[in-house]
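Participant:
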Amino acid sequence: MIKISTDEKIKNISGFALSSKYGDGKVFGQPKGVKSLGFIEVKSESGVSGFGETYCGIYSPELVSYITEYLSKYIVGEKLSSLDFLDKLNNIPFIGHSGIIQSVISGIEVAIIDLIGKIENKPVYELFNYSDTKEVKCYYSGGSVTFSDDEIEDDIAKMKKLGFNAFKMRVGLQEWNKDIKRVNRAYEVLSSDKLMVDAIMGTLKNKWSLDDAIVKIKDLEPFNLKWIEEPLNPSSLTEYKKLCNESNIPIAMGEAYSGHIHFEGIKFNECADIIQVDTTHSMGFRKLLEFSNNTFQNKATHVWGSTLSFYANATLALLSKNIEIHEFPSVEFAISNDIVKEKVKIDNGKLIISNHPGFGIDINDEIKNKYSYIENSGYKT
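Under my numbering, the first residue of the sequence shown carries the number 39, and numbering increases by one thereafter.
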């Protein structure tokens with residue numbers, strides 16, 4: 039339950055896309071060397087701005103502004119003292135409960151909660167009931183699908199220097215014997231139960247069949263994986279349920295889904311051992327917190343955006359009693375350091391969340407101009 043004191047009204051809301059240099063400029067899926075991001079800005083009567091991020095901005099950046107404009111009629115003029123008006127967005131017939139609109143709705147709620155925190159001069163976690171600890175267990179999400187086994191080892195060395203002790207790597211693009219060699223190298227340099235593998239079947243064009251996944255997961259059993267992520271096309275929950283029953287490695291998935299209706303299906307059909315949730319895409323922050331607390335499956339956050347996405351999801355992880363670990367996207371891009379009040383610091387695999395108001399993020403006009411959107415900079419393969 040969120041605690042709100044202000045009764046200010048929302049004066050304006052807008053969505054926009056920005057582009058930032060990404061890694062070394064040769065990252066898989068980003069042929070222009072930059073990455074697009076989708077943001078939401080919500081302004082109060084007093085001129086305070088709150089910011090949210092929507093995961094769909096990576097894949098369809100051009101649509102963020104149009105969808106936000108369409109949804110603005112449900113939002114502008116509403117009081118912040120009650121967020122019941124957000125339910126109207128989820129209940130727009132046929133289109134509000136899932137898909138790209140739900141992704142933007144998720145970003146809008148992040149922006150509104152950030153705004154409330156700033157108006158009340160509190161970090162977002164103080165708007166909710168939380169324990170005294172501000173520590174969140176994190177893992178380093180790297181190991182590009184294009185890396186050789188030597189590059190995997192270098193990436194793990196980088197991870198350790200940054201204070202992490204758990205590592206996730208990607209497979210599925212290279213020949214399987216090469217992928218096994220890559221996973222083995224990671225296993226050799228990590229301690230037990232510190233390695234996760236992401237098959238990115240929601241992203242790659244050549245998908246594993248159910249039979250493929252069963253065989254490949256069997257090949258991965260010697261490496262004591264914490265989980266195997268997205269080993270099937272997200273379009274078939276029936277096959278995920280079958281795979282969960284066959285696999286001796288925990289199955290993780292969730293980033294491809296949006297809306298309560300999707301996640302309830304995953305939960306009740308037991309399609310995953312670990313459900314990955316994302317405040318910028320899965321559903322509104324409050325409903326996502328409720329969902330994460332009221333399902334028996336373990337949870338982990340999904341993050342593949344800016345530091346706004348990272349801190350919003352870290353706050354969710356802090357508040358939830360059932361989110362086991364938080365994702366840190368390893369590929370560096372410049373905008374993340376420019377929008378954050380305090381840079382990310384990890385010690386012994388844990389993040390201590392700052393006490394800056396809201397999520398500790400600001401995206402001013404200077405930043406918008408510096409990282410103005412570059413046409414066709416969305417994800418492509």
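Don't be surprised by glycine CBs; every beta carbon is placed ideally from N, CA and C.
What's the C-alpha gap between His364 and Phe202?
Facilitator: When rounded, the distance between both Cα atoms is 11 Å.
Participant: Determine the extent of the beta strand (DSSP E) in which Met291 is found, giving its start and end residues.
Facilitator: Residues 289–291.
Participant: Which residue wins for smallest C-alpha separation from Ala294, given the options Ser82, His319, Ile154?
Facilitator: Checking every option, the nearest Cα to that of Ala294 belongs to His319.
Participant: If you run the structure through DSSP and keep just helix, strand and coil, what is Ala55?
Facilitator: Of the three classes helix, strand and coil, the one that applies to Ala55 here is strand, per DSSP.
Participant: Taking its Cβ as the centre, do 16 or more other Cβ atoms sit within 10 Å of Gly181, making it buried, or is it exposed?
Facilitator: Looking at its Cβ environment, which holds 16 or more other Cβ atoms inside 10 Å, Gly181 is buried.
Participant: Classify Ser285 as buried or exposed, calling it buried when 16 or more other Cβ atoms lie within 10 Å of its own Cβ.
Facilitator: Its Cβ being crowded by 16 or more others within 10 Å, Ser285 is buried.
Participant: Report the start-end ranges of each alpha helix (DSSP H) in the segment 316–383 that is 4 residues or longer and not cut off at the edges.
Facilitator: Entirely contained in the segment 316–383, the alpha helix (DSSP H) runs reaching 4 residues are, in chain order, 323–331, 345–357, 373–377.
Participant: Kindly provide the ranges of any alpha helix (DSSP H) runs that are 4 or more residues long and lie completely inside the segment 242–316, ordered along the chain.
Facilitator: You should have 248–258, 275–284, 298–306.
Participant: Since I believe Lys337 is in contact with Asn360 (beta carbons under 8 Å), could you give me their beta-carbon distance rounded to a whole number of angstroms?
Facilitator: Confirmed, Cβ separation roughly 5 Å.
Participant: Where do the N-terminal and C-terminal ends of the beta strand (DSSP E) with Asp236 fall, by residue?
Facilitator: Where Asp236 is concerned, the enclosing beta strand (DSSP E) stretches over 233–236.
Participant: When DSSP labels each residue in this structure, what does Met239 get in the three-state scheme?
Facilitator: Coil at Met239, not helix or strand.
Participant: Can you tell me which of Cys309, Leu354, Ile133 puts its alpha carbon nearest to the alpha carbon of Gly322?
Facilitator: Closest by alpha carbon: Leu354.
Participant: Note down the Cα distance separating Lys111 from Gly137, rounded to an integer number of angstroms.
Facilitator: Cα to Cα, Lys111 sits roughly 20 Å from Gly137.
Participant: If we count the other Cβ atoms within 10 Å of its Cβ and call it buried at 16 or more, is Thr171 buried or exposed?
Facilitator: Exposed is the call here.
Participant: For the candidate residues Tyr178, Asn215, Thr184, whose alpha-carbon lies nearest to that of Met197?
Facilitator: Among Tyr178, Asn215, Thr184, the Cα nearest to that of Met197 belongs to Tyr178.
Participant: Which of the three DSSP states, helix, strand or coil, is assigned to Thr106?
Facilitator: Residue state, collapsed to three classes: helix.
Participant: Considering only the beta carbon of each residue, do Arg220 and Ile190 sit closer than 7 Å?
Facilitator: Cβ distance < 7 Å, so Arg220 and Ile190 count as in contact.
Participant: Leaving aside the five residues before and after Tyr168 along the sequence, list all residues of the same chain whose C-beta is less than 7 Å from its C-beta, in chain order.
Facilitator: Taken in chain order, the residues that qualify are Leu356, Leu357.
Participant: If you reduce the DSSP assignment to three classes, tell me which class Lys175 lands in.
Facilitator: Strand, per DSSP.
Participant: Would you report the Cα separation of Lys73 and Ile42, rounded to the nearest angstrom?
Facilitator: So the two alpha carbons sit approximately 35 Å from each other.
Participant: Going by other Cβ atoms of all chains shown within 10 Å of its Cβ, with 16 needed for buried, is Glu259 buried or exposed?
Facilitator: Exposed, because fewer than 16 other Cβ atoms sit within 10 Å of the Cβ of Glu259.
Participant: When the distance is taken between beta carbons, is Gly303 closer than 7 Å to Leu275?
Facilitator: It is a contact, given that the beta carbons lie within the stated cut-off.
Participant: Check this for me: beta carbons of Asn415 and Lys70, under 7 Å apart or not?
Facilitator: For the record, residue 415 in the displayed sequence is Ser; it is not Asn. Against a cut-off of 7 Å, the Cβ pair of Lys70 and Ser415 comes out as a contact.
Participant: With Ile78 as the anchor, note down where its beta strand (DSSP E) starts and where it stops.
Facilitator: Here the beta strand (DSSP E) through Ile78 covers 72–82.
Participant: Does the beta-carbon distance from Leu101 to Tyr411 come in below 7 Å?
Facilitator: Going by C-beta atoms, Leu101 is not nearer than 7 Å to Tyr411.
Participant: Please classify Ser160: does DSSP put it in a helix, a strand, or coil?
Facilitator: One point to set straight first is that residue 160 is Lys, not Ser, in the sequence displayed. If DSSP states are grouped into helix, strand and coil, Lys160 belongs with coil.
Participant: Shortest alpha-carbon distance to Glu158 belongs to which of Thr44, Glu380, Lys279?
Facilitator: Comparing Cα positions, the closest option is Thr44.
Participant: Here's the rule I'm using: 16 or more other beta-carbon atoms within 10 Å means buried, otherwise exposed. How should Ile154 be labelled?
Facilitator: Ile154 should be labelled buried.
Participant: In or out: Lys232 buried (at least 16 other Cβ within 10 Å) or exposed?
Facilitator: Classification of Lys232: buried, given that the 10 Å Cβ count is 16 or more.
Participant: Using the Cβ count rule (16 or more neighbours within 10 Å means buried), how would you classify Glu79?
Facilitator: Buried, since its Cβ has 16 or more Cβ neighbours within 10 Å.
Participant: Within the same chain, show all residues whose beta-carbon is closer than 8 Å to that of Ala347, passing over the 5 residues directly before and after it, in chain order.
Facilitator: Note that residue 347 is Ser in the sequence shown, not Ala. Contacts found: Glu91, Tyr93, Asp316, Thr317, Thr318, Val341.
Participant: Mind reading off the beta-carbon distance from Lys245 to Asn271? Whole number of angstroms is fine, and I expect it under 8 Å.
Facilitator: About 5 Å; that satisfies the 8 Å criterion.
Participant: Do Leu127 and Ile143 come within 7 Å of each other at the CB atom, strictly closer than that value?
Facilitator: Their beta carbons are under 7 Å apart, which means Ile143 touches Leu127 by this criterion.
Participant: Can you list, in chain order, the residues of its chain with a C-beta nearer than 6 Å to that of Phe261? Leave out the 5 residues immediately preceding and following it.
Facilitator: Cβ within range, chain order: Val221, Tyr225.
Participant: Hey, does Ser136 have any beta-carbon neighbour from chain C nearer than 7 Å?
Facilitator: Among the protein chains of the structure shown there is no chain C, as only one such chain exists.
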